Every structure is written in C-alpha cells, then in structure tokens.
Ligand code: GUN
Ligand code: ZN
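Residue numbers (the UniProt record's numbering): 1 to 432.
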C-alpha cells in the first residue's frame with residue numbers, strides 16, 4: 001500500500017447538474033494494487049496507516065488523469081495545417097500522412113511518439129482513431145501496452161471517396177477487425193473500437209459489416225465522425241437519399257451507449273433527441289473546430305436535450321494533446337456564442353476532461369475522479385517557480401480560481417508525474 005499526500009481536485013459530482021468542484025487540501029489517498037481504498041485528512045489517514053510508504057505531492061496539484069475521447073494516432077506528424085476546411089484538409093494534409101502507415105516500421109515510430117505525447121499531457125485513457133492498416137493498429141496497441149495507457153482503438157475503415165490506397169471492402173474490414181480484436185481486446189488495458197471513418201467514406205454494406213463486428217466483440221466501443229462541416233453534411237445527405245447524418249449510423253444499429261461521435265457542430269433537434277435517447281456521447285473537439293473553421297459547438301442544445309458530452313483533442317486537426325488547452329478553447333467557444341453559449345466554469349472544464357470522458361468510454365466505475373473505489377489514474381501539476389502558471393496559482397483567490405488559471409496557463413511542461421493504476425508511468429523519455 002502507498003499513501004499519496006497532497007492537494008487533490010476532482011469532480012465526482014457533475015457540475016452540469018449542480019455538483020461542485022471537490023477540493024481535498026492536505027488529504028491522503030491510500031492506494032492498494034492500483035485501487036484507492038481510503039481517503040481522508042492526512043493526519044487521520046497517517047494515524048490509521050503508520051507504517052505505509054508516503055509519496056509526498058504537497059506543493060503541487062493532483063488531478064485525475066485526463067480522458068481524451070477523440071484523437072487520431074496517425075496524424076501526430078500532421079498537426080498545424082492551416083487555412084483549409086475539413087474535406088480539403090483531409091485530402092491535402094491528413095490523408096497523405098495516413099497513407100504512410102502502410103509501412104509498419106514508420107507506423108511504429110509514430111505510435112511511440114503518440115503514446116509519449118498522450119502521457120506527457122496527463123492523458124491516461126483515450127479513445128483513439130487508429131489507422132487504415134491493421135499492422136499499423138498493432139503498432140499502436142503495442143506502444144500503448146509498453147507505456148501502460150488505457151487505450152481503446154481499432155482499424156479505421158472506408159470503402160469509397162477517399163484516396164484509393166486507404167480503401168477496403170466490407171469482407172476484409174470484417175476479417176481484419178475481428179483478427180485485431182482477438183489480439184488486443186481485453187488484453188491488458190487495451191480494448192477494441194469499431195471505427196468507420198465517417199459515413200461519407202462508407203457504403204451501407206461497410207456500415208453493415210461494422211455492425212456485425214460490433215455484435216461479435218462484447219465490450220467493444222463504436223466511434224466515428226458526425227455533423228462536422230456543412231459541405232460534408234450536404235454530401236452525406238446526397239449519398240444517403242436525403243437522410244440526416246445520425247440516421248446513416250442508426251439504420252445499422254451503430255448508435256447506442258457504446259457510441260462516441262466526434263464534433264456534431266451542426267446537429268438538428270431530431271438528431272440530438274436520438275443521441276440523447278440512445279445514450280451516445282458527443283466528443284467535443286474545440287481546437288479542431290476552430291482550426292478547420294467547422295463552427296461553434298452548440299453545447300447548450302446538447303445539454304438541453306440530455307446528450308452526454310465529453311472532450312477530444314482531435315489531433316491532428318486539433319492543436320495538440322493537452323486537454324487543458326481543449327478545455328480553454330471549449331470555454332472560448334461558449335463565450336463567442338454569446339447569449340447562445342453555455343457558461344463554463346473551471347469545474348465544468350475539469351469534468352469534461354475527466355469524469356465525462358470516463359463515462360463516455362464505459363470506464364466511469366473505474367476512473368475519472370479520485371474517490372475510494374476508483375483506480376489511481378492521476379497527474380501531478382507543479383509549475384516551475386516563476387513560471388506564468390506558478391505566478392497565476394500564487395495569486396488565485398480559491399480552488400476554483402486556481403483551476404481556472406491551470407486551464408488558462410497550464411501546458412504539458414507543468415505536468416511533473418502521471419500514474420495509472422497507482423504506477424508511475426515510464427515512457428522512456430525520462431519525463432514521466
Ligand atoms: N472526418 C473524417 N475524418 C476526419 C479526420 O481525420 N479529422 C476530422 N477532424 N474529421 C474527420
Ligand atoms: Zn477526428
């Protein structure tokens with residue numbers, strides 16, 4: 001057993017339904033085999049466990065590990081594309097890089113960069129858009145297993161419209177997906193996600209094969225893109241006989257509590273109702289939406305309909321792995337919507353980046369906050385003396401203000417350590 005002593009901030013009570021930021025000052029968590037088995041004031045816990053090893057994290061802030069619900073592993077070397085809307089960006093910028101994943105050695109070095117980038121940003125769990133090549137997806141799961149991240153990912157499938165070398169067939173997609181799942185699903189912290197790229201690049205036959213794969217893998221997730229860009233939405237409507245975007249998935253049984261849809265910047269009320277009733281999640285990806293000019297995310301409409309929303313970095317349209325930056329951009333986005341925006345506090349941002357993501361990934365019983373009964377997935381923020389964040393924290397008025405400064409000024413450079421299941425991550429960069 002280990003006692004972790006420090007200041008812990010988390011959101012076990014949802015701030016979107018009246019919960020408050022939980023602030024544990026000079027608290028100790030007792031962690032046994034990765035599980036938090038006790039929590040309380042340090043002196044009290046120390047008295048009950050006088051002989052246990054203490055990890056002293058005082059002087060910093062401990063947050064739950066972040067949960068990134070939408071991030072593309074093969075796009076890490078394609079961050080920074082400017083001046084293009086979605087379809088042009090895919091064609092000219094992202095997909096040429098994704099085609100390089102045909103070379104498994106190349107994919108493996110990208111996978112290493114990817115998992116290190118996630119860990120260094122304090123992300124401990126992620127739903128990852130894989131590659132169009134099965135061997136490249138193997139390299140991702142291999143790299144994630146080495147670092148110890150909680151990764152859910154799968155083979156990305158498309159059978160029309162995008163470049164030829166990324167296309168598959170419904171039969172091949174089925175076979176390769178099941179083979180990957182048999183190698184990785186439920187192995188260590190890995191799980192499988194059925195991942196059609198978006199219905200624009202998928203025929204009904206391919207989406208039907210995705211449904212068959214999903215039925216064959218108990219506990220698998222489903223993920224894809226939805227209502228991101230107006231030209232994309234018009235093209236989907238034309239290909240699917242005028243139906244709305246959610247229906248293109250729903251008609252194949254792909255919309256339920258296991259489904260995570262990225263973006264949904266331009267939904268209809270009918271679609272929001274369906275998403276809410278099905279228990280699906282929308283992954284809000286605010287830096288990506290800004291970079292590609294996709295639009296301002298209607299968070300208030302999602303919440304009014306009862307749609308579950310979490311946060312995604314959407315690297316490589318997104319600008320990096322940090323969910324601190326995504327949280328800040330989510331805040332900006334609602335500010336820019338003026339009267340139509342949903343005001344966000346720092347507690348909302350933390351919830352979106354942690355517990356909401358855990359729930360989206362079906363991990364809500366295990367991670368997302370630092371309560372007794374949860375796994376110890378956590379990150380320590382301790383900015384260097386004199387850094388902008390250190391100055392900001394020093395002058396904050398209370399814990400919520402401190403957290404607001406963390407989201408405004410914090411970067412991966414401020415993250416000193418990351419744990420999963422109570423184990424300090426060793427990502428071989430020497431940083432965490
Ligand atoms: N829609 C289909 N593929 C992609 C992608 O790679 N990035 C984003 N942002 N949207 C997509
Ligand atoms: Zn995406």
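Positions of the beta carbon are idealized from the N, C-alpha and C atoms, including for glycine. From a predicted model like this one, the values you see are computed outputs, not experimental measurements.
In the DSSP assignment, what are the bridge partners of residue 157?
-> 196
By the 10 Å Cβ neighbour count, where 16 or more other Cβ atoms means buried, how is residue 427 classified, buried or exposed?
-> With a pLDDT of only 46 at residue 427, under the threshold of 50, the placement of this residue in the model should not be trusted; the figure read from the coordinates follows. Residue 427 comes out buried.
Who are residue 6's beta bridge partners in DSSP?
-> 27
Beta-carbon proximity list for residue 78, same chain, < 7 Å, skipping 5 on both sides = 93, 94, 97 and 316
Rounded separation between residue 432 and residue 134 - CA only | Unreliable placement is indicated for residue 432, whose pLDDT of 41 sits below 50; the coordinate value is still reported in the next sentence. Rounded to whole angstroms, residue 432 to residue 134 spans 29 Å at the Cα level.
Pick out every residue whose C-beta is nearer than 6 Å to a heavy atom of the ligand GUN: which are they, in chain order?
-> 72, 86, 90, 94, 197, 198, 225, 228, 288, 314 and 317
If you draw a straight line from the alpha carbon of residue 291 to that of residue 167, how long is it in whole angstroms?
-> 27 Å
Using the C-alpha atoms, what's the distance from residue 10 back to residue 429?
-> With a pLDDT of 46 at residue 429, under the threshold of 50, the predicted position of this residue should be treated as unreliable, and no value is reported.
Leaving out the 5 sequence neighbours to the left and right, which residues in its chain are closer than 7 Å to residue 439 when beta-carbon positions are compared?
-> In this structure the chain extends from 1 to 432, so residue 439 is not present and cannot be described.
Should residue 278 and residue 256 be called a contact, given that it needs their Cβ atoms to be closer than 8 Å?
-> yes
Candidates 396, 142, 68 and 237, of which the one nearest residue 261 by Cα | 68
Residue range of the alpha helix (DSSP H) that includes residue 397 | Looking at the DSSP string, residue 397 is not in any alpha helix (DSSP H), and its letter there is neither H nor E.
Buried versus exposed call for residue 334 [16 or more other C-beta atoms within 10 Å across all chains shown] = buried
Any non-hydrogen atom of the ligand ZN closer than 7 Å to residue 321 Cβ | no
Drop a sphere of 10 angstroms on the beta-carbon of residue 444, count the other beta-carbons inside from all chains shown, and report buried for 16 or more, exposed for fewer.
-> Because the chain in this structure spans residues 1 to 432, residue 444 falls outside the shown range and cannot be described.
If we count the other Cβ atoms within 10 Å of its Cβ and call it buried at 16 or more, is residue 83 buried or exposed?
-> exposed
Give me the Cβ distance between residue 203 and residue 155, rounded to the nearest whole Å; I'm assuming they're in contact under 8 Å.
-> 16 Å between Cβ atoms; not a contact.
With a 10 Å radius around its C-beta and 16 neighbouring C-beta atoms as the bar for buried, classify residue 457 as buried or exposed.
-> The first residue shown for the chain is 1 and the last is 432, placing residue 457 beyond what the model contains.
Name the DSSP bridge partner or partners of residue 40?
-> 28
Does the distance from the C-beta atom of residue 141 to that of residue 110 stay below 8 Å?
-> no
Skipping 5 residues on each side, what residues in its chain have a beta carbon closer than 6 Å to that of residue 346?
-> 400, 403, 404 and 407
Between 121, 28, 147 and 129, which lies nearest to residue 424 when the distance is taken from Cα to Cα?
-> 147
The alpha helix (DSSP H) spanning residue 173 covers which residue range?
-> 170-184
heavy atom of the ligand ZN below 7 Å from residue 70 C-beta | yes
Going by C-alpha distance, which of 28, 312, 413 and 177 is nearest residue 50?
-> 28
Presumed contact (8 Å Cβ cut-off) between residue 285 and residue 254, rounded CB distance | Going by Cβ atoms, the distance from residue 285 to residue 254 rounds to 20 Å, so no, they are not a contact pair.
Name the DSSP bridge partner or partners of residue 283?
-> 262 and 310
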